[in-house]
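Here the structure comes first, spelled out in structure tokens, and everything after it is commentary.
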Amino acid sequence: MIGSLIARDVRRGFTGAAWLPIAFFLLVATLVPFAVGPDARLLERIGPGALWIAALTAALLPIERLVEPDRADGVLDQLALHGLAEESIAFSKIVAHWLTFAPLLLVAAIPASALLAMDAASLMRAEIALAIGTPGLAALAVAVAAVTAGLPRAGSLTGLLLLPLAVPLLIFGISDALLLEAAVSLLLTAGAPFVAGAAIRASRT
Amino acid sequence: MTELLRFEDVTLRRGGRLLFEDLNLSLRPGEGLQVAGPNGSGKSSLLRLAAGLLRAERGRVARAPLALADEQLALDSEVPLGRALAFWTPGDRLDGALDAIGLKHLAGVPVRFLSSGQAKRASLARVAASGAQLWLLDEPLNALDTDGAGRIAGLIDQHRALGGAVVAASHQSLPGDWRILELGR
Numbered sequence: 001m002i003g004s005l006i007a008r009d010v011r012r013g014f015t016g017a018a019w020l021p022i023a024f025f026l027l028v029a030t031l032v033p034f035a036v037g038p039d040a041r042l043l044e045r046i047g048p049g050a051l052w053i054a055a056l057t058a059a060l061l062p063i064e065r066l067v068e069p070d071r072a073d074g075v076l077d078q079l080a081l082h083g084l085a086e087e088s089i090a091f092s093k094i095v096a097h098w099l100t101f102a103p104l105l106l107v108a109a110i111p112a113s114a115l116l117a118m119d120a121a122s123l124m125r126a127e128i129a130l131a132i133g134t135p136g137l138a139a140l141a142v143a144v145a146a147v148t149a150g151l152p153r154a155g156s157l158t159g160l161l162l163l164p165l166a167v168p169l170l171i172f173g174i175s176d177a178l179l180l181e182a183a184v185s186l187l188l189t190a191g192a193p194f195v196a197g198a199a200i201r202a203s204r205t
Numbered sequence: 001m002t003e004l005l006r007f008e009d010v011t012l013r014r015g016g017r018l019l020f021e022d023l024n025l026s027l028r029p030g031e032g033l034q035v036a037g038p039n040g041s042g043k044s045s046l047l048r049l050a051a052g053l054l055r056a057e058r059g060r061v062a063r064a065p066l067a068l069a070d071e072q073l074a075l076d077s078e079v080p081l082g083r084a085l086a087f088w089t090p091g092d093r094l095d096g097a098l099d100a101i102g103l104k105h106l107a108g109v110p111v112r113f114l115s116s117g118q119a120k121r122a123s124l125a126r127v128a129a130s131g132a133q134l135w136l137l138d139e140p141l142n143a144l145d146t147d148g149a150g151r152i153a154g155l156i157d158q159h160r161a162l163g164g165a166v167v168a169a170s171h172q173s174l175p176g177d178w179r180i181l182e183l184g185r
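Going down the list, the sequences are from chains A and B. Residues 1 to 205 (my numbering) make up the first sequence, in order. Residues 1 to 185 (my numbering) make up the second sequence, in order.
In structure tokens, the structure reads:
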């Protein structure tokens with residue numbers, strides 16, 4: 001059932017609006033040269049940070065459709081009746097969200113790095129840091145989606161919850177402290193299913 | 001297990017409102033229980049409690065493997081009905097259930113194009129194909145035409161004759177032989 005759920009969510013992601021966060025990511029990366037000017041050295045210096053900020057803000061876009069539609073339509077209840085623990089449901093959604101978000105983001109980082117005048121070595125470091133950080137980011141997105149599912153003004157709350165919690169990923173990802181970044185990403189990926197599972201259960205009361 | 005559902009001294013409160021207190025009931029194979037009562041009396045909450053989706057304030061609920069059809073369709077709206085149902089119930093049982101419920105000809109139609117009556121039938125097809133002994137049905141005849149209501153009634157009769165049990169929350173009378181539990185009195 002977990003495999004079917006992941007396949008279903010991946011399909012829904014790609015037939016839905018998986019391109020939207022990526023378009024947003026590229027748009028933010030495009031805006032940076034307009035904001036700071038065409039100075040290539042300055043752009044190269046701030047490029048990795050700009051890429052990360054673009055990735056974090058792009059990660060906010062899909063949150064509202066990660067959990068709430070399935071909660072409202074009774075899918076989460078039916079999954080529970082089929083014997084799937086809420087934590088397993090959340091883990092499946094993290095995997096599916098990562099699959100629909102991260103690979104496209106890593107590809108989009110290539111043209112984005114060109115816009116930011118980053119050289120090949122900087123791009124490679126940024127790609128590795130994003131590859132390590134995106135599982136944690138996906139886990140955080142699903143946890144926030146579950147906590148805010150069904151709440152009024154959930155859209156505003158998601159940014160307030162996700163962005164501060166993603167700061168450690170940003171700091172370690174930018175500063176090339178990849179082991180620390182990996183530890184944070186792993187911690188988020190391991191902990192988020194329990195937070196999301198508890199939130200899904202609580203939403204039924 | 002001789003009983004497919006058992007409530008022992010169950011109390012449920014929602015939103016600070018007491019829905020029922022110290023409720024005892026049991027359901028054996030072949031039996032049908034209609035939960036009746038006005039809107040807001042706790043019929044759907046009783047079904048969700050029986051399904052394990054809500055927790056009782058006090059008391060104990062024991063249940064056999066079950067399937068629930070409530071107001072939420074739980075089917076992907078963009079995919080054809082047959083494929084949407086197959087997510088929940090792979091295998092041959094699905095074809096038989098779609099046929100029995102009169103939806104086989106719509107298996108290739110995306111779910112979002114179904115009428116409310118057809119959607120209700122689809123959620124009941126999911127239950128019928130589940131293989132569960134205990135069916136929990138919320139307003140099973142709502143939005144159904146005469147043909148649909150007759151098919152659902154026939155499926156329920158057949159399920160009970162084969163040793164299954166059904167709890168149906170409904171504010172209207174159901175055809176056949178049902179024990180009645182009146183809530184909200």
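Even for Gly, the Cβ is constructed at its ideal location relative to N, Cα and C.
Discussion item. Please identify the residue among A122(B), L134(B) and H171(B) whose C-alpha is closest to the C-alpha of I152(B).
Written reply: A122(B)
Fill in: Proximity below 8 Å, CB of V50(B) to CB of L137(B)
First, the amino acid is wrong: residue 50(B) is Ala here, not Val. No, they are not a contact pair.
Worksheet item: Once you ignore the five residues that flank S122(A) on each side, which residues in its own chain have a CB closer than 8 Å to its CB?
Response: E44, G47, P48 and S113
Worksheet item: Do you know offhand how far L76(A)'s Cα is from S203(A)'s?
Response: 11 Å
Discussion item. Residues of the segment 4 to 26 of chain A in Cβ contact with chain B at a cutoff of 8 Å, in chain order, please.
Written reply: S4, R8, R12 and T15
Worksheet item: So what's M60(A) in DSSP terms, helix, strand or just coil?
Response: Residue identity differs from the one stated: residue 60(A) is Leu in this sequence, not Met. L60(A) falls in the helix class under three-state DSSP.
Worksheet item: Between the segment 68 to 100 of chain A and chain B, which residues of the former have a C-beta closer than 8 Å to a C-beta of the latter?
Response: A72, D73, G74, V75, D77, Q78, A80, L81 and H82
Worksheet entry | Whole-Å CB distance - G32(B) paired with I156(B), under 8 Å assumed | 7 Å
Discussion item. Counting C-beta neighbours from all protein chains within 10 Å, is the total for L160(A) 16 or more, i.e. buried, or is it exposed?
Written reply: exposed
Worksheet item: Taking 8 Å as the CB-CB limit, is R204(A) close to chain B?
Response: yes
Worksheet entry | Residue span of the beta strand (DSSP E) that contains W135(B), given as start and end | L134 to D138
Item to complete: Could you tell me whether the Cβ of E57(B) comes closer than 8 Å to any Cβ of chain A?
Response: no
Fill in: Contact under 8 Å by Cβ, E139(B) with A107(B)
no
Worksheet item: In the segment 29 to 46 of chain B, which residues sit with their C-beta less than 9 Å from some C-beta in chain A, listed in chain order?
Response: none
Discussion item. What does the Cβ neighbour count give for Q34(B), buried or exposed, with the cut at 16 atoms within 10 Å?
Written reply: buried
Worksheet item: If S97(B) sits next to A129(B), beta carbons under 8 Å apart, how far is it from one beta carbon to the other, in whole angstroms?
Response: The question names Ser, yet the displayed sequence has Ala at residue 97(B). Between A129(B) and A97(B) the Cβ distance is about 4 Å, and since that is below 8 Å, they are a contact.
Worksheet item: Helix, strand or coil: how does DSSP classify Q72(B) here?
Response: coil
Worksheet entry | Any 3 or more C-beta pairs closer than 8 Å across the segment 130 to 141 of chain A and the segment 152 to 168 of chain A | yes
Worksheet item: For G40(B), does the count of other Cβ atoms within 10 angstroms reach 16, so buried, or fall short, so exposed?
Response: exposed
Worksheet item: Closest to V10(B) by CA distance: which of L124(B), V109(B), R58(B) and D145(B) is it?
Response: R58(B)
Worksheet item: Taking DSSP as the reference, what is the three-state secondary structure of E68(A)?
Response: helix
Worksheet item: Relative to the C-alpha of V184(B), which residue among L46(B), L27(B) and Q133(B) is closest?
Response: Residue identity check: residue 184(B) is Gly in the sequence provided, not Val. Nearest C-alpha to G184(B): L46(B).
Item to complete: Just mark F14(A) as buried or exposed, buried being the case when its beta carbon has 16 or more other beta carbons within 10 Å.
Response: exposed
Worksheet entry | D76(B): contacting residues in chain A (beta-carbon distance under 8 Å) | R8 and R12
Worksheet item: Within 10 angstroms of its Cβ, does G16(B) collect 16 or more other Cβ (buried), or is it exposed?
Response: exposed
Item to complete: Please say whether A80(A) and L53(B) have beta carbons closer to each other than 8 Å?
Response: yes
Item to complete: Have a look at I180(B) and L25(B) and give me their C-alpha separation to the nearest angstrom.
Response: 11 Å
Worksheet item: Span of the alpha helix (DSSP H) holding Q196(B)?
Response: Residue numbering for chain B in the displayed model covers 1 to 185; residue 196(B) lies beyond these limits and cannot be assessed.
Item to complete: Taking only beta carbons into account, state which residues of the segment 79 to 93 of chain B come closer than 9 Å to chain A, listed in chain order.
Response: V79, F87, W88 and P90
Discussion item. I'd like the list of long-range same chain contacts for V240(A), defined as Cβ closer than 6 Å, with 5 residues on each side in sequence excluded.
Written reply: Past the edges of chain A, shown from 1 to 205, lies residue 240(A), and the structure says nothing about it.
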